[in-house]
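**Student:** Residue numbers (our numbering): -1 to 415.
Here a beta-carbon is modelled for each residue, glycine too, at the ideal position from N, C-alpha and C.
Computed from a predicted structure; not experimentally measured.
Here you go, one structure.
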């Protein structure tokens, strides 16, 4: 199969999964994991409702970060008319199109888990708390559900639009060029919608777990983690598919290098945002703000905070610094796996201390106890299955690269200098 730019020729077997390929079983594996993980978690839920929903939210937001990161990657590449990324952009599109499925996976939280997760749903507690009463016009169940519906609608619309524009161009070069122009024209307003929806969804789902705390940088903090997640995920998929015999001659060491540079750059960006948020709150010394950090450096959560501080910055920063590491499939994969692991640690650090804090207050133990057990593992496996089912379906449905994108030749031939 040749692109309409006649300077390159792409063989069909390079960019389409073979019928007998093990990759074809990814959706089935995903469904099995989703059924087993979520089924097992629901079976253990009785008597541990609070823990279940906090574990579910942690797992959900870990994989939502990859889906939203994929959407951002696709929009940004169209907006800046990037050439290098076209060879790996379809992988990001396949990650992005899991968003409608992930939104469905979030419905149990919205419909059944709010009272276990969010203190502000307790009307008696709101009436007795001046700060919660002041925020009641925003933090109430009806407004929350409406906003979540808007976020899910925006993510579904954007992901389906950009995915369909890209995949529909695979059959015809002229359509491929026309759809690429459409995507580029819509990228600017799409980025605006994406930024608003991601930021306020982070406020609603995560920051409102502790409704007394507030940070205008919180949305950017989650955004930085999403960018790290998608570039790590793209790195692993590009390496594995190339090693499996696909994408040979399409994805090169030059693409590894650029993905490695993005991992390095967003590691620094996450650190900048995370430290800035902490430093401003520490400097202002307002009790409602400092308390959020105080119980994350207390008791069982102090080692986790140290792991986050060291594992999110010094470890990947120093490891990815050499040029050779970013151009080697093995070392780059190690970095990507570590970054995805640290994304889970980050989400756990954002969500789970709230439950431990509430439990310590209710029982009068005055000790922050960290629980990491079966419910965490099962919900993680379950949401992983949901993600893999959607990603695997998209992976086998169309070519692994947008073969008729006008700049595919540029992407295949580009070099780092």
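What residue from 126, 326, 360, 156 has the CA that sits closest to residue 240's CA?
**Tutor:** 326
**Student:** Could you tell me whether any non-hydrogen atom of the ligand SAH is closer than 7 Å to the CB of residue 376?
**Tutor:** Only the bare structure without any ligand can be found here, which leaves the ligand SAH out of the picture.
**Student:** CA-CA distance, residue 418 and residue 160?
**Tutor:** Residue 418 falls outside the range modelled here, since the chain spans only -1 to 415, and no answer is possible.
**Student:** Taking the C-alpha atoms as reference points, what is the distance between residue 114 and residue 10?
**Tutor:** 51 Å
**Student:** Beta-carbon within less than 8 Å of residue 81's beta-carbon, same chain only, minus the 5 sequence neighbours each way: which residues are those?
**Tutor:** 405, 408, 409, 412
**Student:** Helix, strand or coil for residue 399 per DSSP?
**Tutor:** coil
**Student:** Measuring only between beta-carbons, confirm whether residue 9 sits less than 8 Å from chain D.
**Tutor:** Given the protein chain composition of this structure (a single chain), no chain D is represented.
**Student:** Among 337, 124, 95, 292, which one has its Cα closest to the Cα of residue 139?
**Tutor:** 124
**Student:** Under 8 Å: do the stretch 96 to 106 and the stretch 149 to 160 share three or more Cβ pairs, one atom per stretch?
**Tutor:** yes
**Student:** Look at the Cβ atom of residue 96, then the Cβ atom of residue 345, and state whether they are nearer than 8 Å.
**Tutor:** no
**Student:** Expressed to the nearest angstrom, what Euclidean distance is found between the alpha-carbon atoms of residue 349 and residue 215?
**Tutor:** 17 Å
**Student:** What residues in its chain sit with their C-beta under 7 Å from that of residue 93, if we drop five residues either side in the sequence?
**Tutor:** Closer than 7 Å at the Cβ level, and outside the excluded window around residue 93, lie 64, 65, 68, 228, 231, 389.
**Student:** Only counting the same chain, and skipping five residues up and downstream in sequence, which positions put a Cβ closer than 6 Å to that of residue 376?
**Tutor:** 35, 38, 39
**Student:** Just curious, the alpha helix (DSSP H) that residue 63 is in, first and last residue?
**Tutor:** 47 to 77
**Student:** Using C-beta distances below 6 Å, list every residue in its chain close to residue 57, excluding the 5 sequence neighbours before and after it, in chain order.
**Tutor:** 377, 378, 381
**Student:** Quick check: residue 394 and residue 32, are their CB atoms within less than 8 Å of each other?
**Tutor:** no
**Student:** Answer yes or no: do residue 315 and residue 266 have a C-beta to C-beta separation smaller than 8 Å?
**Tutor:** yes
**Student:** Kindly confirm or deny that the stretch 301 to 309 and the stretch 241 to 261 touch, where touching means at least three C-beta pairs closer than 8 Å.
**Tutor:** no
**Student:** Can you give me the Cβ contacts of residue 54 inside the same chain, cut-off strictly under 6 Å, excluding the 5 residues immediately before and after it?
**Tutor:** 377
**Student:** Is the distance from the Cβ of residue 351 to the Cβ of residue 293 below 8 Å?
**Tutor:** For residue 351 and residue 293, yes; Cβs fall inside 8 Å.
**Student:** Per DSSP, which one or two residues make a beta bridge with residue 303?
**Tutor:** Residue 303 pairs with nothing; no bridge assigned.
**Student:** Quick check on residue 248: does DSSP put it in helix, strand or coil?
**Tutor:** coil
**Student:** Within the stretch 176 to 230, note down every full beta strand (DSSP E) run reaching 3 residues or more, in order along the chain.
**Tutor:** DSSP assignment within the stretch 176 to 230 yields no whole beta strand (DSSP E) run of 3 residues or more.
**Student:** Excluding the five sequence neighbours on either side, which residues of its own chain have a C-beta within less than 7 Å of the C-beta of residue 272, listed in chain order?
**Tutor:** 219
**Student:** Give a yes or no on whether the C-beta atoms belonging to residue 143 and residue 108 are separated by under 8 Å.
**Tutor:** With respect to residue 108, residue 143 sits close: the two C-beta atoms are nearer than 8 Å.
**Student:** Kindly indicate which three-state DSSP category residue 233 falls into: helix, strand or coil?
**Tutor:** helix
**Student:** Which residue from 168, 185, 25, 204 puts its Cα closest to that of residue 52?
**Tutor:** 204
**Student:** Considering Cα atoms alone, identify which of 182, 178, 223 is closest to residue 263.
**Tutor:** 223
**Student:** Are the Cβ atoms of residue 287 and residue 295 separated by less than 8 Å?
**Tutor:** no
**Student:** So, at 8 Å on beta carbons, what are the nonlocal neighbours of residue 168 in its own chain, with the 5 sequence-adjacent residues on each side left out?
**Tutor:** 174, 396, 397, 400, 401, 402
**Student:** Determine the contact status of residue 275 and residue 195, defining contact as a CB-CB distance below 8 Å.
**Tutor:** no
**Student:** Kindly indicate which residue of 75, 207, 189, 188 has the alpha-carbon position closest to the one of residue 118.
**Tutor:** Comparing Cα positions, the closest option is 207.
**Student:** Could you pull the start and end residues of the alpha helix (DSSP H) that residue 314 belongs to?
**Tutor:** 312 to 318
**Student:** When burial is assigned at 16 or more other CB atoms within 10 Å of the CB, is residue 364 buried or exposed?
**Tutor:** It is exposed - the Cβ of residue 364 has fewer than 16 other Cβ atoms within 10 Å.
**Student:** Closer than 7 Å by C-beta to residue 251: which residues in its own chain qualify, once you throw out the five before and the five after it? Chain order, please.
**Tutor:** 325
**Student:** So, for residue 419: in the same chain, excluding its five sequence neighbours on each side, which residues have a beta-carbon less than 7 Å away from its beta-carbon?
**Tutor:** Outside the shown range of the chain (-1 to 415) lies residue 419, about which nothing can therefore be said.
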